[in-house]
Ligand SMILES: [Zn+2]
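In my numbering, the protein residues as written are 97 to 334.
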């Protein structure tokens, strides 16, 4: 394990079709990016020797290129930054978040780290000095985190075995029920419910609440934007 561990990130990175993108002179489409992310998620699990839930994502902290610290009062859920002196990625996780959010944030940050060498090709409009991040990158890193923590084959296996309650599934995968809900829809085991009158009302309330949250987060983002590199990851309800 010790010798092979140092190559895991490189092996997972190789799944990014960088030369093809270079030839085509375009970024990945959203669908293509998700396919690559899912392949990378399973390659990371194989590399770490994880064969069943719950996924021990904390093993990434043992990779030689990764240092993980848990910090109270962080302005975001997670943050990753290359430390050239140590030649390591420093991953900061917000200690104030729930443990399920922390696990999700750690997996999310791994995708930022995997994609960093390809950032200009994948996100042409996202400048290196823009600490606020890119909405597309954030969504893709969230998707990757879901694939890592709740892999499609294992979720389908549990579903076929008759496990349908989100509480039970969340317990098996050691994630939030909200993430289980997202993954059930993403793998097609649950359909997206059509908007009802009540849902639209709830949605307006949620929208107003999220507006407040975004304005509050904006203060933190502006303060942290003085940081020279890295990406602040606001996180969600997962
Ligand atoms: Zn992020």
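The beta-carbon is built from N, C-alpha and C at its ideal position, and this holds for glycine as well.
- Per DSSP, the beta bridge partners of residue 186 are 163 and 177.
- Placement of the Cβ of residue 242 at a distance of 7 Å or more from every heavy atom of ligand 1 is found.
- In terms of Cβ geometry, residue 277 and residue 262 form a close pair [threshold 8 Å].
- Residue environment for residue 173: buried (at least 16 other C-beta atoms within 10 angstroms of its C-beta).
- Between residue 111 and residue 153 the beta-carbon gap is near 18 Å, outside 8 Å, which marks them as no contact.
- Residue burial annotation: residue 216 is exposed, with fewer than 16 other C-beta atoms found within 10 angstroms of its C-beta.
- Distance check between residue 151 and each of 109, 141 and 185 places 141 closest, using alpha-carbon atoms only.
- Counting C-beta pairs closer than 8 Å gives fewer than three between the stretch 216-230 and the stretch 187-196, which falls short of the contact rule.
- Relative to ligand 1, even the nearest heavy atom lies 7 Å or more away from the CB of residue 198.
- Nearest to residue 228 by C-alpha distance, out of 101, 253, 175 and 167, is 175.
- For residue 234, the shortest separation between its Cβ and any heavy atom of ligand 1 lies below 7 Å.
- Counting C-beta pairs with one atom in each stretch, the stretch 100-119 and the stretch 155-171 have three or more that are closer than 8 Å, which means they touch.
- In the three-state DSSP reduction, residue 265 falls in the helix class (H, G or I).
- Ligand 1 approaches residue 229 closely enough that one of its heavy atoms is under 7 Å from the residue's Cβ.
- Pairing residue 251 with residue 279 gives a Cβ-Cβ distance under 8 Å.
- Here residue 114 is not near residue 239, since their CB atoms are 8 Å or more apart.
- No Cβ-Cβ contact shorter than 8 Å links residue 257 with residue 265.
- Around the beta carbon of residue 231, fewer than 16 other beta carbons lie within 10 angstroms, which makes this residue exposed.
- Counting along the chain, no alpha helix (DSSP H) covers residue 259, and no H or E run does either.
- Nearest to residue 187 by alpha-carbon distance, out of 180, 181, 200 and 166, is 166.
- Annotation for residue 127: the continuous alpha helix (DSSP H) segment containing it runs 126-144.
- If you compare the alpha carbons of 135, 128, 145 and 125 with that of residue 100, the shortest gap goes to 145.
- Residue 226 has its alpha-carbon roughly 15 Å from the corresponding atom of residue 178.
- In the DSSP assignment, residue 328 forms a beta bridge with 175.
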